[in-house]
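Some notes on the structure that comes next.
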Amino acid sequence: MMRWIRGRLRRRPHDPERNAAEYVSGELPRRATRWFEAHLLHCEDCWREVLLGRLGRRVAEEAREQAPAGLRDRVRAAVQFTSESGPAGPPLGS
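Structure below.
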């Protein structure tokens, strides 16, 4: 895989898991992304990691639950009240 360092393209070890994670998360620079997409056509290991990364992200997004109505506002109010009045006391479990 190529790596961009200070505007220059440098070679780095082939690491399908890391390369795919950077690609799926959008962390690769544009030119590295184009190179990696071309690389995917020939590298089954990287292709598999990209598919697994996308599946993992989709499963995590689908598992997310919406907070009950009003909970976000109550939490925000509690945080604002605590920050305005100072610490509320010892942490729970102390």
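Residues in the sequence shown are numbered consecutively from 1, following the working numbering.
Heads up, the beta-carbon is just placed ideally off N, CA and C, and yes, glycines get one too.
Computed from a prediction, not measured in an experiment: that's the story for all the values here.
{"Asked": "So the alpha helix (DSSP H) Asp15 belongs to, where does it begin and stop?", "Found": "Looking at the DSSP string, Asp15 is not in any alpha helix (DSSP H), and its letter there is neither H nor E."}
{"Asked": "Please list the terminal residues of the continuous alpha helix (DSSP H) segment that includes His39.", "Found": "Arg30 to Leu40"}
{"Asked": "From His14 to Phe36, what does the alpha carbon distance come to, in whole angstroms?", "Found": "11 Å"}
{"Asked": "In angstroms, rounded to a whole number, what distance separates the CA positions of Met76 and Ser25?", "Found": "Note on identity: in this sequence residue 76 is Arg, with Met being the wrong assignment. Rounded to whole angstroms, Arg76 to Ser25 spans 29 Å at the Cα level."}
{"Asked": "Grouping DSSP H, G and I as helix and E and B as strand, with all else coil, what is Gly26?", "Found": "coil"}
{"Asked": "Less than 7 Å between the C-beta atoms of Glu17 and Glu49, yes or no?", "Found": "yes"}
{"Asked": "If you follow the alpha helix (DSSP H) that Cys46 is part of, which residue opens it and which one closes it?", "Found": "Glu44 to Ala63"}
{"Asked": "Helix or strand or just coil, what does DSSP make of Gln66?", "Found": "coil"}
{"Asked": "Skipping 5 residues on each side, what residues in its chain have a beta carbon closer than 7 Å to that of Thr33?", "Found": "Tyr23"}
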